[in-house]
Amino acid sequence: MPGGTASNIVAYIAKGDMPLSIMMTTASTLMAIATTPLLTSLLVGTLVPVDPRAMFLSVLQLVLAPVLAGTAMNQFFPAAVARVKLYTPFMATVVVFFIVGSMIAANVAVVASSGAIIVAAVFALHSTGFFLGYALSKALGLSDRIARTNSIEVGMQSSALAAVLAKVHFAADPVVVAPCVLSACTHATVGSLLAGYWAATVKTEDS
14 MPGGTASNIV AYIAKGDMPL SIMMTTASTL MAIATTPLLT SLLVGTLVPV DPRAMFLSVL
74 QLVLAPVLAG TAMNQFFPAA VARVKLYTPF MATVVVFFIV GSMIAANVAV VASSGAIIVA
134 AVFALHSTGF FLGYALSKAL GLSDRIARTN SIEVGMQSSA LAAVLAKVHF AADPVVVAPC
194 VLSACTHATV GSLLAGYWAA TVKTEDS
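When the count follows the working numbering, it moves up by one through the sequence shown with no breaks and lands on 220 for the last residue.
See the structure below:
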């Protein structure tokens with residue numbers, strides 16, 4: 014899954030490297046168009062039916078279309094973009110909130126019955142991402158600012174996209190949506206806690 018707007022907001026709060034955060038989100042978003050259907054087919058294609066072409070088209074619509082629309086608006090309507098760009102991160106967050114919230118409301122029984130194993134797996138996935146993103150960056154001698162950014166970008170992924178794809182392409186098995194819903198809650202909570210900690214303890218932007 015690509016990174017989302019939430020990771021950029023959390024990176025900003027954590028005093029991370031914003032150009033790097035935006036670049037990583039952009040790169041992962043564009044790569045997700047091909048890698049999401051490919052990896053899904055390779056990893057779970059033997060367990061459940063996967064239509065890579067249909068998933069590719071879905072990701073194309075959900076990921077590339079908004080990027081192209083935003084680029085076109087920025088190019089041809091710069092004045093209008095300048096007036097609304099201060100509000101778009103908040104609007105994007107609200108939209109993601111409603112998407113995930115609707116998924117939770119529609120699948121509350123499935124999520125409640127999903128079991129401790131799925132909860133533990135989702136928590137381990139995101140916690141490992143946050144930890145390795147930071148630890149490997151420090152091991153490579155990168156600055157703490159870059160390490161914080163990498164931690165957030167690796168630990169936070171687009172759960173909303175995952176939830177929509179699960180709902181559309183695995184509708185026959187509603188349990189598939191449960192990890193996506195739990196993922197949204199988990200990475201938002203852990204990411205916010207880390208951002209709050211770093212915001213309170215980091216003294217300068219260049220640390």
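No residue lacks a Cβ here, since even glycine has one placed at the ideal position from N, Cα and C. For clarity, every value in this text was computed on a predicted model and none was experimentally measured.
- Taking every protein chain shown into account, the CB of N21 has 16 or more other CB atoms within 10 angstroms, so this residue is buried.
- Your pair E166 and T38 checks out as a contact, with CB atoms roughly 7 angstroms apart and the cut at 8 angstroms.
- Its chain contains H182 as the residues whose beta carbon lies nearer than 7 angstroms to that of A67, once the 5 sequence neighbours on both sides are disregarded; these appear in chain order.
- Note that the C-beta distance between G204 and V23 is below 8 angstroms.
- Annotation for Q88: the continuous alpha helix (DSSP H) segment containing it runs A78 to F89.
- Take the alpha-carbon of A133 and the one of A173: they are about 20 angstroms apart.
- G128 and Y210 have their C-alpha atoms spaced approximately 30 angstroms apart.
- Counting of Cβ neighbours within 10 angstroms places N87 among the exposed residues, the total staying below 16.
- In the pairwise beta carbon analysis, the region 193-200 is classified as not touching the region 86-100: fewer than three pairs are separated by under 8 angstroms.
- In this structure Y100 is exposed. Its beta-carbon is surrounded by fewer than 16 other beta-carbon atoms within 10 angstroms.
- Shown here, F144 sits in a helix according to DSSP, grouped into three states.
- One thing to note: I159 has its Cβ no nearer than 8 angstroms to the Cβ of S171.
- When the alpha-carbon of V135 is set against those of V189, D64 and S115, the nearest one is in V189.
- Separation of A40 and S54 (C-alpha to C-alpha, rounded to the nearest whole angstrom) is 21 angstroms.
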